[in-house]
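Student: Input: one structure, supplied below.
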Amino acid sequence: MAGPDLSGLLNPDLLVWAREQSRMGVDAAAQKIGQSTERLTEWESGERVPTLSQLRTLANVYKRSIGVFFLNERPKVPHRPVDYRQLEVSAIEFMTPALANGIREAEAKREAALDILAQLEDEPPAWNLSIARDMQPEAAAAMLVERLGITMATRARWTDHYEALNGWRSAIESLGVMVVQLSRVPIREMRGCSLAIFPLPVIILNSADSPLGRVFTLLHELTHLARAESSLCDIVEDGQREPLYEEVEIYCNHVAGNALVPRTELLALNDVQQASRTTTWGNDQLRVISRRFWASREAILRRLLDMGKTSRVHYQEMRARFVAEYEALREDSSGRVPQYRLVLLSNGRYLTRLAVNAYASSTITGSELSRILNTKLDHLPKIKNALRGEVIA
Numbered sequence: 026m027a028g029p030d031l032s033g034l035l036n037p038d039l040l041v042w043a044r045e046q047s048r049m050g051v052d053a054a055a056q057k058i059g060q061s062t063e064r065l066t067e068w069e070s071g072e073r074v075p076t077l078s079q080l081r082t083l084a085n086v087y088k089r090s091i092g093v094f095f096l097n098e099r100p101k102v103p104h105r106p107v108d109y110r111q112l113e114v115s116a117i118e119f120m121t122p123a124l125a126n127g128i129r130e131a132e133a134k135r136e137a138a139l140d141i142l143a144q145l146e147d148e149p150p151a152w153n154l155s156i157a158r159d160m161q162p163e164a165a166a167a168m169l170v171e172r173l174g175i176t177m178a179t180r181a182r183w184t185d186h187y188e189a190l191n192g193w194r195s196a197i198e199s200l201g202v203m204v205v206q207l208s209r210v211p212i213r214e215m216r217g218c219s220l221a222i223f224p225l226p227v228i229i230l231n232s233a234d235s236p237l238g239r240v241f242t243l244l245h246e247l248t249h250l251a252r253a254e255s256s257l258c259d260i261v262e263d264g265q266r267e268p269l270y271e272e273v274e275i276y277c278n279h280v281a282g283n284a285l286v287p288r289t290e291l292l293a294l295n296d297v298q299q300a301s302r303t304t305t306w307g308n309d310q311l312r313v314i315s316r317r318f319w320a321s322r323e324a325i326l327r328r329l330l331d332m333g334k335t336s337r338v339h340y341q342e343m344r345a346r347f348v349a350e351y352e353a354l355r356e357d358s359s360g361r362v363p364q365y366r367l368v369l370l371s372n373g374r375y376l377t378r379l380a381v382n383a384y385a386s387s388t389i390t391g392s393e394l395s396r397i398l399n400t401k402l403d404h405l406p407k408i409k410n411a412l413r414g415e416v417i418a
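Taking the numbering used here, the leading residue of the sequence shown gets 26, the next gets one more, and so forth.
Now the structure itself:
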């Protein structure tokens, strides 16, 4: 049986808009939906009309509700985050489809959380974290750490880098931040992103990054949010950027570095006290210090460089080794992640808990819960168990 005739109902301009918002050319989109370039061009020009089944395929590829194709005009799009990445990265491609769709989905998750709160007649957490433009990095870092409540005693109780990531993330979520995670996005393209939309701002992490790398990114992006900045970052301090953007990224890196590795605590270590600008640091030494602060070896060595306890040449040599090591680890860690863990990582604990509780109180239906969390209800028991305290990072 033929499907309904969509002639006169479908807005072909919305097909163009949805494709462009997904950062896809006509050829790439046609390949994704299994149609010829000519056929997709005919749909977008209005010469032909896709069937309902074909329209569903388009909606799935573009990550859009099928209803958007029937609107009279293009929807308003939220302001994109400022691109603070290196010029060589942003010049190649502003956003791949995976990144563009991931950012848009993060915005949709925030809207879903606000919708649930409205149905519950509740308010989102108030946002009252602010860093003045003239605030020194050490002072800003001390303020953040105090608000987050992560002391050195807290860190001493962590047993591995996953607990460290979970601890920092939970503390940041307690300030009223949604923390979500993307997959299938190259680390070179994005390490972190912040959406300074208040209340309930969003931090987006990249699952391809190491756990301690994500800890640094969390604090870097939290600094952007405290400065009321939406950002797209690769967090490479020595790259080439627009001068103003470079200044901002250096500042956010310094705040994150000071928060992770406070100067007084680092200088209290005997090896650090005896070091100078000519000191070289071995992996074993850096691992010991890394374990104390739960910061990456790269972050530790950068702090040592900033404090005059090693040379830039040594830092750059060691950083190149770390990058190669991280790449090798990423290639080896391609194991399958259980679905319930993916749900918590991609949606964040805040939205996941909010949606699960709303379903339990019959505020939303099972189909709504499934749609919001993008999972089947079969996984709900494991999701609920994980929300009770399992370390997921």
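Beta carbons are placed, not taken as given, at the ideal position from N, Cα and C, and that holds for glycine.
Only a predicted model underlies this, so the values are computations on that prediction, with no experimental measurement involved.
Drop a sphere of 10 angstroms on the beta-carbon of Leu204, count the other beta-carbons inside from all chains shown, and report buried for 16 or more, exposed for fewer.
Tutor: The amino acid occupying residue 204 in the given sequence is Val; Leu does not appear at that position. Classification of Val204: buried, given that the 10 Å Cβ count is 16 or more.
Student: Is there contact between the region 289-303 and the region 140-153, where contact requires at least three CB pairs shorter than 8 Å?
Tutor: No, they do not touch.
Student: How close, in whole Å, do the beta carbons of Thr121 and Glu214 come, if the pair is a contact with beta carbons under 8 Å?
Tutor: Contact flag correct, Cβ pair sits at about 6 Å.
Student: By the three-class DSSP mapping on this structure, what secondary structure does Asp140 have?
Tutor: Helix at Asp140.
Student: Whole angstroms are fine: how far does the CA of Val261 sit from the CA of Pro162?
Tutor: Answer to the nearest angstrom: the Cα atoms are 17 Å apart.
Student: Assign Leu247 to one of two classes, buried (16 or more other C-beta atoms within 10 Å of its C-beta) or exposed (fewer than that).
Tutor: Burial call: buried.
Student: Could you check which residue in Gln206, His249, Pro226 and Leu405 has the C-alpha nearest to that of Ser235?
Tutor: Per the Cα distances, Gln206.
Student: Let me know the secondary structure DSSP gives Gln298 once reduced to three states.
Tutor: Helix.
Student: Mind listing, in chain order, the continuous beta strand (DSSP E) runs of no fewer than 3 residues lying wholly within the region 231-315?
Tutor: Counting only runs of 3 or more, we get 256-258.
Student: Return the CA-CA distance between Ser395 and Leu402, expressed in angstroms with no decimal places.
Tutor: Roughly 6 Å separates the two Cα atoms.
Student: May I ask which residues mark the beginning and end of the beta strand (DSSP E) holding Gln56?
Tutor: Per DSSP, Gln56 belongs to no beta strand (DSSP E); it is in the alpha helix (DSSP H), Val51 to Ile58.
Student: Measuring from the CB of Gln79, is there a heavy atom of the ligand SAH at a distance below 7 Å?
Tutor: Among the components modelled here there is no ligand, and therefore nothing to report on the ligand SAH.
Student: How big is the Cα-Cα spacing for Leu39 and Ala55?
Tutor: About 16 Å.
Student: Taking just the CA atoms, how far does Ala178 sit from Ile117?
Tutor: Only weak support exists for where Ile117 lies, its pLDDT of 49 falling under 50; the coordinates are left without a value.
Student: Residues in the same chain with beta-carbon distance under 8 Å from Glu67, minus the five sequence neighbours each way, listed in chain order, please.
Tutor: Hits under 8 Å: Arg73.
Student: Taking 8 Å as the threshold, find out whether the region 278-286 comes into contact with the region 294-311 through three or more Cβ pairs.
Tutor: Flag = no, the region 278-286 and the region 294-311 do not touch.
Student: Count the other CB atoms, across all protein chains shown, that sit within 10 Å of the CB of Glu415; report buried if there are 16 or more and exposed otherwise.
Tutor: Label assigned to Glu415: exposed.
Student: By the DSSP assignment, the beta strand (DSSP E) with Gln206 in it spans what residues?
Tutor: Unbroken beta strand (DSSP E) run through Gln206: Met203 to Leu207.
Student: Could you tell me if Phe95 is buried or exposed, where buried requires 16 or more neighbouring beta carbons within 10 angstroms of its beta carbon?
Tutor: Label assigned to Phe95: exposed.
Student: Under 6 Å Cβ to Cβ from Ser336, same chain only, skipping five residues before and after it: list those, please.
Tutor: The residues are Arg302.
Student: Mind checking Leu405: buried by the 16 CB within 10 Å criterion, or exposed?
Tutor: Buried, by the Cβ-count rule.
Student: I think Ala353 touches Val210, with their Cβ atoms under 8 Å apart; what is that distance to the nearest whole Å?
Tutor: No, Ala353 and Val210 are not in contact; Cβ-Cβ is about 19 Å, not under 8 Å.
Student: What is the DSSP secondary structure of Glu415, counted as helix, strand or coil?
Tutor: Note: Glu415 maps to coil in three-state DSSP.
Student: Taking buried to mean at least 16 other C-beta atoms within 10 Å of its own C-beta, is Thr76 buried or exposed?
Tutor: Label assigned to Thr76: exposed.
Student: What are the boundary residues of the alpha helix (DSSP H) that includes Leu225?
Tutor: It is not in any alpha helix (DSSP H) - Leu225 carries neither H nor E in the DSSP assignment.
Student: Can you check whether the CB of Ala380 is closer than 8 Å to the CB of Ile141?
Tutor: Yes.
Student: In the DSSP output, what is Ser219 paired with across the bridge?
Tutor: DSSP output for Ser219 lists Ile228 and Ser256 as bridge partner(s).
Student: In whole angstroms, what is the alpha-carbon distance linking Pro106 and Ile222?
Tutor: Cα to Cα, Pro106 sits roughly 10 Å from Ile222.
Student: Rounded to a whole number of angstroms, what is the C-alpha to C-alpha distance between Arg374 and Val202?
Tutor: If you take the alpha carbons of Arg374 and Val202, they lie about 10 Å apart.
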